[in-house]
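For reference, the structure is listed below as structure tokens.
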Amino acid sequence: MKKIKFHSIYYRFILFILTFAIFVINMIIADKNAIIQFSNFNLKLWQLNYIFIGIFIAITLIFSFIGWKFYVCKEGIYLRKIDLLVPWEDVDAVSHVWINEWSRRPYGRQYFYNRKSLVIYRKNNKPICIYNISLLALYTIKILKPSIKTNIIVATLATIFNIALNFGILYSVFSRKLEFIKIELFLSYIVIYVLKMTLVPLVMVKYENIKHGEYLFHDTVYNKNTSEVIHL
868 MKKIKFHSIY YRFILFILTF AIFVINMIIA DKNAIIQFSN FNLKLWQLNY
918 IFIGIFIAIT LIFSFIGWKF YVCKEGIYLR KIDLLVPWED VDAVSHVWIN
968 EWSRRPYGRQ YFYNRKSLVI YRKNNKPICI YNISLLALYT IKILKPSIKT
1018 NIIVATLATI FNIALNFGIL YSVFSRKLEF IKIELFLSYI VIYVLKMTLV
1068 PLVMVKYENI KHGEYLFHDT VYNKNTSEVI HL
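This is how it looks when you write it as structure tokens:
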């Protein structure tokens, strides 16, 4: 029985933040031989860049092979955390949606994140929501079971938009164009990013709830995720 395993992609969010930070440092400090001091430890900028590349590769490799959350096989979808195999005949539909997480951190800090989630709608049971999963899982399921209903077009468009926006931001910093960016374009970046963080998840969840019932809900300032699903 061939098993295709899928892991959490939360590490990509961390890598994006680290990448953005290192690009900003490179934008501010043009001289690659400039010395950067961390406490009593000194590094040249080019050394810091190589260390970052090593960390980037290491994190990607580690989290691509450990801590898998579920696998897909010819019998169905196996969920590791609850030790449950959902047979294909019990699956009504599968969707890939963004569900917002909003939580408070120590010292009053706020944390907001779009969780890319795979939702398995079952015929006679509560749906199952698996958080921080790549869109590739939806494509794999569609290839194995073409008859299963999915939101593959909507999910693909949302993912392309997300990748394009993140790439555009990183490219602007990396190419040093952000130094000379017009205020109108800068504000446009902010508006588009806010829309990505708020409007896109709201539309995706609303669309899913219209199709499959009122199961999915976002975090709010006052309430944690109240989705009527099994959370994984």
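Position 171 (the sequence shown) corresponds to 1038 in this note's numbering; numbering is contiguous. Don't be surprised by glycine CBs; every beta carbon is placed ideally from N, CA and C.
Just grab the DSSP bridge partners of residue i for me.
i        : result
Ala-960  : Tyr-988, Lys-1016
Trp-965  : Lys-983
Gly-943  : Pro-954
Ile-902  : Lys-911
His-874  : Trp-935
Ile-1010 : According to DSSP, which records beta bridges pairwise, Ile-1010 is partnered with nothing at all.
Ile-852  : Residue 852 falls outside the range modelled here, since the chain spans only 868 to 1099, and no answer is possible.
Is residue i helix, strand or coil by DSSP?
i        : result
Gly-1080 : coil
Arg-879  : helix
Asn-909  : strand
Lys-948  : coil
Ile-896  : coil
Ile-1036 : helix
Suppose you measure from the CA of residue i to the CA of residue j; what does that come to, to the nearest Å?
i        : j        : result
Leu-1062 : Lys-941  : 38 Å
Cys-996  : Lys-1016 : 16 Å
Val-1058 : Ser-931  : 33 Å
Phe-919  : Leu-1037 : 15 Å
Tyr-877  : Ile-1000 : 8 Å
Leu-910  : Asn-916  : 10 Å
Ile-881  : Ala-1004 : 21 Å
Val-1070 : Gln-914  : 44 Å
Ile-949  : Ile-929  : 23 Å
If I measure Cβ to Cβ from residue i and keep anything under 6 Å in the same chain, skipping five residues before and after, which residues do I get?
i        : result
Tyr-998  : Arg-982, Ser-984
Tyr-988  : Asp-959, Ala-960, Pro-994, His-1079
Pro-1068 : Trp-965, Asn-967, Asn-981
Thr-1007 : Ile-871, Val-939
Thr-1026 : Leu-1002
Trp-955  : Gly-943, Lys-1012
Thr-1093 : Phe-1084
Glu-1095 : Tyr-1082
Output needed for residue i: all residues of its chain with C-beta closer than 7 Å, excluding positions within five of it in sequence on either side, in chain order.
i        : result
Phe-883  : Asn-1033
Tyr-1056 : Ile-1036
If I measure Cβ to Cβ from residue i and keep anything under 8 Å in the same chain, skipping five residues before and after, which residues do I get?
i        : result
Glu-1075 : Ser-962, Val-964, Val-986, Asn-1018, Tyr-1082, Leu-1083
Asn-992  : Asp-957
So, is the C-beta of residue i closer than 7 Å to a C-beta in chain D?
i       : result
Asn-967 : Structure shown: chain D not included; a single protein chain is present.
Q) With a cut-off of 8 Å, do at least 3 Cβ pairs link the segment 937-954 to the segment 872-885? A) Yes, since at least three Cβ pairs between the segment 937-954 and the segment 872-885 fall closer than 8 Å, the two stretches touch.
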